[in-house]
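Engineer: Residues -17 to -1, 1 to 438, numbered by mature numbering (1 follows the signal peptide of the UniProt record, and there is no 0), are exactly what the sequence shown covers, in order.
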Amino acid sequence: MVLAVLLMCFLSGHVTGEDLRCSDFMCTEPTSPMLRTLRFTTELGPCGHAFSTRPDLPWPSWDPGRPSVVIIPGRRPPAVQPSWVRNMARELLAAKQANVLAVDWLLPGEQELTEGARQVGEKLAEVIKVLLAKGSIPEMMHLVGFGAGAHVAGIAGAGLRGALGRITGLDPFAPAFAEADPSVSLDFSDAQFVDVIHTNFKPNEPVEALGASRSMGHVDFYVGSGNLLPGCPQGLIDREKYVLCSHHRAHQLFTSSIRAVCPLTAFPCRSTADFQKGLCTHCNWPGLHTCPQLGFNIAWLPPDRPIPFQPLTAIMGITSVAPFCVTPFLLELQIGGSSSLEAQLFIQLKSMNTRTSSMLLSGSYPMLFEPTKKYQFLVSADCDGDFQIMLLEFYAERLLYLDWRKKKIIISQMLLTRLPRKQGIAYQAGNITASEGDTQEVHLNKVMVKEKGNI
């Protein structure tokens, strides 16, 4: 069962829609590691076309003075076409990226993955050396690798002594690489800037995590809980999607970010637990004075090389569908009165034109709310608006129909602050009495606050 699941993990995507007419990726079982490059252009349609760097063949059309993006899928069975590569290439071309390549690689079925990745990475380094010899600028080369392809990118970058401008690792594959020699794993020394997107760093029980949990780059983005991400199946009824959904969310996030209409903002933080508790709401990091943003656009990144800050981990929430952006807030509650309540806290935000989904803030289990204490929570709203109303519910798992039997809790002060804090916008309310199991409608007053913003 475990081996079957691991084989599923290598799948790079399904063939759908217009991709049915594409036959660009190799589909025969190799006897040794194979690599070839495909070029994508707007003129030649959605399919990739063979791009040879052999000296005995005519040199293809190529603009070495333009930025180049090289997409590297993970290991796949020969029968599976990685359709997501075509989607990403299409978005890059729409964003006016002139040079878009994909690495098509296959290993024999019995080939050990880490050794195969090493050989493919070394072959890729040789291809890139030819491009550099033809005038391409290393600082303008960007490798984007998914799964085991992230490690292939790292091996190629290391073979070029870290001279390439950027490597993006999309949920680098963990099984087989976790205990492997560091030379076959992606590392921040493999390029001038290495960013890593982690989407499946916790197990989908009973299956182990497919993505790496350890940090590898200059910036490591950890998305949501690291498993069962929004929009993914929560159980094994749809087994393949349950196993692969969070892992594949990494390339979906990056593809969506290429022409994004909203930022995928993350916050420097030590752990997902601290993030959910609202302990990571400031953007300042030594050498970096803004919050990092996940994705293709790195306008937020200082231009200095080497990178002028120490490697950092940044955590963020997402929605269930593209463009995946959330509107982050910090909710602070000051409990008054004399009664405590053990419950789960749900909220929903409403404006004149929109409302968020209901959000569970306090975790999977009830927590104790006590008088005189302050509580804070990170709120990842799935839409934006100038919110005037909060629907608040303390759910205590007791079926009570008589109001006089319900426990009540008093919130003396409430402050909902937009993040990042530099926006200076918050919403406040006070003297709220909430009964367990009832939905309380709270009217919010918009206020301007200084960056500290605490109650």
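Backbone N, C-alpha and C define an ideal beta-carbon position, used for all residues, glycine too. Computed from a prediction, not measured in an experiment: that's the story for all the values here.
Counting C-beta neighbours from all protein chains within 10 Å, is the total for proline 275 16 or more, i.e. buried, or is it exposed?
Structural biologist: Here the question's residue 275 lines up with position 292 in the sequence shown. Answer is buried; the Cβ neighbour count reaches 16.
Engineer: So, with DSSP's three-state summary, where would you put leucine 147?
Structural biologist: Reading the sequence shown from its first residue, position 164 is the one you call residue 147. Correct three-state label for leucine 147: coil.
Engineer: What ranges does the beta strand (DSSP E) occupy inside the region 325 to 354, keeping only unbroken runs of at least 3 residues that lie completely in it?
Structural biologist: For the region 325 to 354, whole beta strand (DSSP E) runs of length 3 or above, ordered along the chain, are 350 to 352.
Engineer: If you measure between the beta carbons of leucine 427 and threonine 264, is that distance less than 8 Å?
Structural biologist: Working through the sequence shown from its first residue, we reach residue 427 at position 444. Working through the sequence shown from its first residue, we reach residue 264 at position 281. Contact: no.
Engineer: Roughly how many angstroms separate the alpha carbons of asparagine 280 and isoleucine 150, rounded to a whole number?
Structural biologist: Position 297 of the sequence shown, counted from the start, is the residue given in the question as residue 280. Position 167 of the sequence shown, counted from the start, is the residue given in the question as residue 150. One C-alpha to the other measures close to 13 Å.
Engineer: Using the rule of at least 16 other Cβ atoms within 10 Å of the residue's Cβ for burial, across every protein chain shown, is cysteine 228 buried or exposed?
Structural biologist: Sequence index remark: in the sequence shown, residue 228 carries index 245 (1-based). Label assigned to cysteine 228: buried.
Engineer: Across which residues does DSSP place glutamate 315 in a beta bridge pair?
Structural biologist: The sequence position of residue 315 within the sequence shown is 332, counting from 1. Answer is Gln359, Leu398, bridged to glutamate 315.
Engineer: Can you tell me where the beta strand (DSSP E) with tryptophan 88 in it begins and where it stops?
Structural biologist: Here residue 88 is taken as the residue at index 105 of the sequence shown, counted from 1. From DSSP, the beta strand (DSSP E) with tryptophan 88 extends over 82 to 89.
Engineer: For tryptophan 268, which three-state DSSP category applies?
Structural biologist: Reading the sequence shown from its first residue, position 285 is the one you call residue 268. If DSSP states are grouped into helix, strand and coil, tryptophan 268 belongs with the strands.
Engineer: Which residues in the same chain as glutamine 217 place their Cβ atom closer than 7 Å to its Cβ, once the five residues preceding and following it in sequence are excluded?
Structural biologist: Within the sequence shown, residue 217 is the residue found at index 234, counting from 1. So the list reads Leu211, once near-sequence residues are dropped.
Engineer: If we count the other Cβ atoms within 10 Å of its Cβ and call it buried at 16 or more, is leucine -11 buried or exposed?
Structural biologist: Position 7 of the sequence shown, counting from 1, holds the residue named residue -11. Because the pLDDT at leucine -11 is just 43, under 50, the model does not fix this residue reliably, and the value given afterwards should be weighed accordingly. Burial call: exposed.
Engineer: Count the other CB atoms within 10 Å of the CB of glycine -1; is the residue buried (16 or more) or exposed (fewer)?
Structural biologist: Counting from one through the sequence shown, the residue named residue -1 turns up at place 17. Note that glycine -1 has pLDDT 45, beneath the 50 cutoff, so the model's placement of it is unreliable and no number is given.
Engineer: Flag this pair as yes or no: are the beta carbons of threonine 296 and cysteine 252 separated by less than 8 Å?
Structural biologist: The sequence position of residue 296 within the sequence shown is 313, counting from 1. The sequence position of residue 252 within the sequence shown is 269, counting from 1. Closer than 8 Å, so yes.
Engineer: So is valine 304 buried or exposed if we call it buried at 16+ other beta carbons inside 10 Å?
Structural biologist: Counted from its first residue, the sequence shown places residue 304 at position 321. Valine 304 should be labelled exposed.
Engineer: Which ranges would you report for the beta strand (DSSP E) in the region 216 to 301 if only whole runs of at least 3 residues count?
Structural biologist: Qualifying beta strand (DSSP E) stretches, in chain order: 295 to 299.
Engineer: If we count the other Cβ atoms within 10 Å of its Cβ and call it buried at 16 or more, is tyrosine 348 buried or exposed?
Structural biologist: In the sequence shown, counting from the first residue as 1, residue 348 sits at position 365. Result: exposed.
Engineer: Just reading off the alpha helix (DSSP H) that glutamate 74 is part of, what are its end residues?
Structural biologist: For the purposes of this step, residue 74 is taken as the residue at position 91 of the sequence shown. Residues 66 to 77.
Engineer: With 16 other CB atoms within 10 Å as the buried threshold, where does glutamate 419 fall?
Structural biologist: In the sequence shown, counting from the first residue as 1, residue 419 sits at position 436. Glutamate 419 should be labelled buried.
Engineer: According to DSSP, is methionine 431 part of a helix, a strand, or is it coil?
Structural biologist: Here the question's residue 431 lines up with position 448 in the sequence shown. Strand, per DSSP.
Engineer: Give the DSSP-derived three-state secondary structure of isoleucine 120 in the structure shown.
Structural biologist: As a first step, residue 120 must be located in the sequence shown, where it is residue number 137. Coil, per DSSP.
Engineer: Opposite arginine 19 in the DSSP bridges: which residues?
Structural biologist: As a working mapping, residue 19 is identified with position 36 in the sequence shown. In the DSSP output, where bridge partners are listed per residue, arginine 19 has Asp87.
Engineer: Which term fits threonine 11, buried or exposed, when burial requires 16 or more other beta carbons within 10 angstroms of its beta carbon?
Structural biologist: Position 28 of the sequence shown, counting from 1, holds the residue named residue 11. The residue in question, threonine 11, is exposed, as its Cβ has fewer than 16 Cβ neighbours within 10 Å.
Engineer: How would you label proline 291, buried or exposed, when you count the other beta carbons within 10 angstroms and need 16 or more for buried?
Structural biologist: For the purposes of this step, residue 291 is identified with residue 308 of the sequence shown, where counting begins at 1. Proline 291 is exposed by the Cβ-count criterion.
Engineer: Please determine, among Ser172, Arg404, Ile180, Phe8, the residue with the shortest C-alpha to C-alpha distance to leucine 143.
Structural biologist: Counting from 1 along the sequence shown, the entry for residue 143 is found at position 160. Among Ser172, Arg404, Ile180, Phe8, the Cα nearest to that of leucine 143 belongs to Ser172.
Engineer: I'd like to check one pair, isoleucine 330 with leucine 374: are the Cβ atoms closer than 8 Å?
Structural biologist: Translated into positions along the sequence shown, residue 374 becomes position 391. Translated into positions along the sequence shown, residue 330 becomes position 347. Cβ atoms of leucine 374 and isoleucine 330: closer than 8 Å.
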